[in-house]
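Residue numbers (the working numbering): 106 to 385.
Where a beta carbon is used, it is the ideal one built from N, C-alpha and C, also for glycine.
These figures come from a predicted structure and were not determined experimentally.
Below is one structure, written out as structure tokens; the observations come after it.
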Amino acid sequence: MRRLVPALLSLSLWACDPGAKCPQCPEATPADCPKAKTKVVASGPAPAVDNGDIKLTFAAPKSARLKRFEAQLSGSKLFGKVVDGINETIALPRDGAVLVSECGRIDAYYDPKAPGVVVCYELAEHFESLFKGKASGAELERMVTGAVFFAFLHELGHALVDQLQLPITGKEEDAVDQLASVILIESGSGIEMALDGGRAFLLNDAKGYSGNEFWSEHSFEKQRYYAIVCMAYGAAPKKRGALTKGRGALPQERARSCPAEYKRIKTSWQTLLAEHAKTG
Ligand SMILES: [Zn+2]
Numbered sequence: 106m107r108r109l110v111p112a113l114l115s116l117s118l119w120a121c122d123p124g125a126k127c128p129q130c131p132e133a134t135p136a137d138c139p140k141a142k143t144k145v146v147a148s149g150p151a152p153a154v155d156n157g158d159i160k161l162t163f164a165a166p167k168s169a170r171l172k173r174f175e176a177q178l179s180g181s182k183l184f185g186k187v188v189d190g191i192n193e194t195i196a197l198p199r200d201g202a203v204l205v206s207e208c209g210r211i212d213a214y215y216d217p218k219a220p221g222v223v224v225c226y227e228l229a230e231h232f233e234s235l236f237k238g239k240a241s242g243a244e245l246e247r248m249v250t251g252a253v254f255f256a257f258l259h260e261l262g263h264a265l266v267d268q269l270q271l272p273i274t275g276k277e278e279d280a281v282d283q284l285a286s287v288i289l290i291e292s293g294s295g296i297e298m299a300l301d302g303g304r305a306f307l308l309n310d311a312k313g314y315s316g317n318e319f320w321s322e323h324s325f326e327k328q329r330y331y332a333i334v335c336m337a338y339g340a341a342p343k344k345r346g347a348l349t350k351g352r353g354a355l356p357q358e359r360a361r362s363c364p365a366e367y368k369r370i371k372t373s374w375q376t377l378l379a380e381h382a383k384t385g
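Quick look at the structure:
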């Protein structure tokens, strides 16, 4: 996960291909540099003013059974890396908070007033029960952390949409799933976490749909799963052909359009965040 924050930086500060090699994009190919330069924030509105930071807190759970999830999630350092990355690169209009705590229910949410982004230890416990039949030991722990981290990035996406007043068309729920996926996929080693988030949707999927699923602001969980797999595949189709085979495989009919879909999604988020990049 070392590259997670640079990936976030590449989203917000460098509106060029993070594969590049030039002053703006240390990893870009030289051919990309002139194009990258012209895409950087210069053409946008006046630089955003930074008036806030996000504060991250892991609250000690009261329930003894949840204490290990506090150790597991805070121990991974991932939350801190992303929060630091946002504070260093994005100009926020006001202070915000991320609270990881015991909630008394299975949840992760964003409350625009207070406390902000909340991730409940009970969600980790729920993911563990979902994944238990699929993995054990360190692998199970990795999957649980990955799925919780995906949910955290999703909620952080809601916070950014609200704080930065980002224009979104279509379902905001889909848009922030896309942001979480792009951050993880672009970080390289985070791709399994994006897929863990997707696997949780697949396992959580309602067996029979009734009224409320049809008017929900969320897409069906299986749709959210396939959307994540499509992005993971689309980002590197030659490397990730395995995602089109076996259980939960992405069908060829959809896989064909995923590279173009992913490119558009990534560029859209780069464009949206570039306008709010810190200048100093
Ligand atoms: Zn949401």
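### Query
Ends of the alpha helix (DSSP H) at V249?
Here residue 249 is taken as the residue at index 144 of the sequence shown, counted from 1. Segment G242 to Q268, the alpha helix (DSSP H) holding V249.
ask   = In terms of residues, what are the limits of the alpha helix (DSSP H) holding K239?
value = Taking the first residue of the sequence shown as 1, we reach residue 239 at position 134. From DSSP, K239 is part of no alpha helix (DSSP H); its letter is neither H nor E.
Open item on the list: If the criterion is Cβ atoms closer than 8 Å, does the pair F257 and A305 meet it?
Closed with: Walking along the sequence shown from the start, residue 257 turns up at place 152. Walking along the sequence shown from the start, residue 305 turns up at place 200. No; because the gap between Cβ atoms is not below 8 Å, this pair is not in contact.
Kindly indicate the opening and closing residues of the alpha helix (DSSP H) around I296.
In the sequence shown, counting from the first residue as 1, residue 296 sits at position 191. I296 to N309 is the extent of the alpha helix (DSSP H) around I296.
Quick one, are the C-beta atoms of Y215 and E175 less than 8 Å apart? As a working mapping, residue 215 is identified with position 110 in the sequence shown. As a working mapping, residue 175 is identified with position 70 in the sequence shown. Not closer than 8 Å, so no.
Rounded to whole angstroms, what is the Cα-Cα separation between K167 and L271?
On the sequence shown, position 62 is the one that residue 167 refers to. On the sequence shown, position 166 is the one that residue 271 refers to. Approximately 37 Å, taken between the alpha carbons.
Span of the beta strand (DSSP E) holding K160?
Along the sequence shown, read from residue 1 onward, the residue named residue 160 stands at position 55. Residues I159 to F163.
Q. Taking 7 Å as the line, does the beta carbon of E318 fall inside it for any heavy atom of ligand 1?
A. Within the sequence shown, residue 318 is the residue found at index 213, counting from 1. Every heavy atom of ligand 1 is 7 Å or more from the Cβ of E318, so no.
Run the CB neighbour count on R329, radius 10 Å, all protein chains shown included, and call it buried at 16 or more, exposed below.
Position 224 of the sequence shown, counted from the first residue, corresponds to residue 329. Buried.
Nearest-angstrom Cβ-Cβ length linking R399 and G157, presumed shorter than 8 Å | Given a span of 106 to 385 for the chain in the structure shown, any question on residue 399 remains unanswerable.
My understanding is that R247 touches E227, with C-beta atoms under 8 Å, so please give their C-beta distance in whole angstroms.
Reading the sequence shown from its first residue, position 142 is the one you call residue 247. Reading the sequence shown from its first residue, position 122 is the one you call residue 227. Actually they are not in contact, since the Cβ atoms of R247 and E227 sit about 19 Å apart, beyond 8 Å.
Exercise. Which one of F184, C208, A280 and K239 has the shortest CA to CA distance from V253?
Worked result: Here residue 253 refers to the residue found at position 148 of the sequence shown. Among F184, C208, A280 and K239, the Cα nearest to that of V253 belongs to F184.
Quiz item: Is the stretch 333-347 in contact with the stretch 281-291, if contact means three or more CB pairs nearer than 8 Å?
Solution: yes
Q | Assumed close pair A219, H381 - CB separation to whole angstroms, cut-off 8 Å | A | Working through the sequence shown from its first residue, we reach residue 219 at position 114. Working through the sequence shown from its first residue, we reach residue 381 at position 276. Contact doesn't hold; Cβ gap of about 22 Å is too wide.
Straight-line CA distance for V281 to G302?
Start at 1 with the first residue of the sequence shown, and residue 281 comes out as number 176. Start at 1 with the first residue of the sequence shown, and residue 302 comes out as number 197. Distance between the alpha carbons of V281 and G302 is about 13 Å.
According to DSSP, is L271 part of a helix, a strand, or is it coil? What you label residue 271 is simply residue 166 of the sequence shown in a count that begins at 1. Three-state DSSP puts L271 in coil, outside helix and strand.
For this session: Tell me, to the nearest whole angstrom, how far the beta carbon of S234 is from that of K276; I am working on the premise that it is less than 8 Å.
Result: Numbered from its first residue, the sequence shown carries residue 234 at position 129. Numbered from its first residue, the sequence shown carries residue 276 at position 171. With 8 Å as the limit, S234 and K276 do not qualify as a contact, their Cβ atoms being about 28 Å apart.
- Can you have a look at G316 and say buried or exposed, based on whether 16 or more other CB atoms are within 10 angstroms of its CB? Translated into positions along the sequence shown, residue 316 becomes position 211. Burial call: exposed.
Identify every run of the alpha helix (DSSP H) within the stretch 172-234, keeping only runs that are complete inside it and at least 4 residues long; order them along the chain. 172-180 and 183-194
Subject >> Residue interval of the alpha helix (DSSP H) (run including F319) >> reply: By 1-based counting over the sequence shown, the position of residue 319 is 214. Its alpha helix (DSSP H) spans residues G316 to W320.
Distance CB(V203)-CB(A213) smaller than 8 Å
Residue mapping note: residue 203 aligns to position 98 of the sequence shown, counting from 1. Residue mapping note: residue 213 aligns to position 108 of the sequence shown, counting from 1. It is not a contact, given that the beta carbons lie outside the stated cut-off.
Measure the Cβ-Cβ separation of L178 and T250 and say whether it is below 8 Å.
Walking along the sequence shown from the start, residue 178 turns up at place 73. Walking along the sequence shown from the start, residue 250 turns up at place 145. In contact: L178 and T250 (Cβ atoms closer than 8 Å).
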